[in-house]
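Structure, as structure tokens:
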Amino acid sequence: MSGFVVKPEPVAVPGLTHLHTGKVRDLYATASGDLVMVASDRVSAFDWVLPTDIPGKGRLLTRLSLWWFERLADLVPNHVLSDTPPPGAPADWAGRTLICRNLDMIPVECVARGYLAGSGLAEYRASGAVCGVPLPEGLVDGSRLETPIFTPATKAEVGEHDENVTFDHVAALLGEAPAAELRDLTLAVYSRGRALAEERGILLADTKFEFGRGPDGALVLADEVFTPDSSRFWPADSWRPGRPQPSFDKQFIRDWLTSPESGWDRAADTPPPPLPPEVVASTRAKYEEAVTRLTGD
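Residues in the sequence shown are numbered consecutively from 138, following my numbering.
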């Protein structure tokens, strides 16, 4: 089975109730009912949360999400109330903590794809479609899709794998109108992000969002947005369809884990080994480059 190689103990903070330890984020509740989301430096691959952290990763993810939330605010409200850690929080929480509205979360990963890669490519090769959306013949690894598509997935627990589903599956779960609202908003947010990223020399191949509903029933963008953990970023000047693309994400980690050097047999379902320092450094550098290119900071 997969999951945490070593599951961290939650930090005890006066006035906060620990709710959940996720792959990357720890979730707490305040006495008033708001949520406190703390982005750790943990990293996951192949449904395992690895035993090695990427130093500073949580702050990079938080900083980038806040940058994007500002640029999407006219399209969709977000869950952020404050980025100031609550009283009594550890000093290390600075820069990695968001105080958020408590939402009624939608139990669907809202995925948008503008290029063919990953599980979408595998599904296309098997059936000519992705999540029930038929695509033209002759597409290859890295092909740009003429029109971005909505390819939802189920939300999985830590150690489980998200499963791609069809729009009809989402409609049966939520209703036709709410499913269409999710699809349309997902594609609108993705299109905004893709255009902004392209201006900065980055192709936003695909991404996933999480939405919830506030007290008024309106959809609210939650969790993270357009980070290297939730999105596939490619440098535009290196894009060559027909092969795997260079990326600003965890590809260094995936490549090392599946190489003979790691000694790890993914099929054996044994925990992956610690990452070597050079893989940690390369991964951090890619995250930093993505943030710098996008924000200009």
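Just so you know, even glycine gets a beta-carbon here, dropped at the ideal spot from N, CA and C.
Taking the Cβ atoms as the reference, Glu-318 lies roughly 7 Å from Leu-356, within the contact range of under 8 Å. In its chain, beyond the 5 residues on either side, Gly-152 have a beta carbon closer than 7 Å to the beta carbon of Ala-168. A distance below 7 Å between beta-carbons, with the five flanking residues on each side excluded, links Gly-351 to the following residues of its chain, in chain order: Arg-238, Leu-240 and Val-357. Here the C-alpha atom of Glu-313 lies approximately 16 Å from the C-alpha atom of Gly-354. The criterion of a C-beta distance shorter than 8 Å is not satisfied by Glu-347 and Met-174. Leu-156 and Asp-366 do not touch by the CB rule: their CB atoms are close to 20 Å apart, not below 8 Å. In the DSSP assignment, His-157 forms a beta bridge with Leu-164. Judged by their CB atoms, Ser-181 and Thr-364 are not nearer to each other than the 8 Å cut-off. Distances from the CA of Ile-339 to each of Val-148, Tyr-252, Ser-419 and Thr-154 were compared; the closest alpha carbon is that of Tyr-252. A straight-line Cα-Cα distance of about 22 Å links Leu-324 and Ala-259.
A distance below 8 Å separates the beta carbons of Val-148 and Pro-227.
Ala-249 and Phe-287 do touch by the CB rule: their CB atoms are close to 6 Å apart, below 8 Å. About 7 Å separates the beta carbon of Ala-254 from that of Asp-343, a gap short enough to meet the 8 Å contact definition. The beta carbon of Arg-233 sits closer than 7 Å to the beta carbons of Val-175, Ala-176, Gly-195, Arg-196 and Thr-199 from its chain, once the five residues preceding and following it are set aside; these are given in chain order. In the DSSP assignment, Ser-384 falls outside any alpha helix (DSSP H) and carries neither an H nor an E. For Asp-343, the enclosing beta strand (DSSP E) starts and ends at 339–350.
Contact between Leu-322 and Arg-331 does not hold, since the beta-carbon distance rounds to 15 Å and is not under 8 Å. DSSP, read as helix, strand or coil, puts Val-307 in helix. Separation of the CB atoms of Gly-379 and Gly-269 is rounded to 25 Å, and the pair is thereby denied contact status at 8 Å. Under the three-state reduction of DSSP output, Asp-229 falls in the helix class. About 6 Å separates the beta carbons of Leu-276 and Tyr-261, which is inside the 8 Å limit, making them a contact pair. Ala-404 and Asp-190 have their C-alpha atoms spaced approximately 23 Å apart. Straight-line spacing of the CA atoms in Gly-349 and Gly-159 works out to 18 Å. When secondary structure is reduced to three states using DSSP, Ala-176 falls in the strand class. Per DSSP, Thr-234 is not a residue of any alpha helix (DSSP H); the beta strand (DSSP E) it occupies stretches across 234–237.
Taking C-beta separations shorter than 8 Å and ignoring five residues to either side along the sequence, the partners of Leu-310 in its chain run Pro-244, Val-245 and Ala-316, following chain order.
In this structure, DSSP gives Val-143 a state outside helix and strand, which the three-state scheme calls coil. With fewer than 16 other beta carbons inside 10 angstroms of its own, Val-143 counts as exposed. Beta-bridge partners of Cys-268 (DSSP): none assigned.
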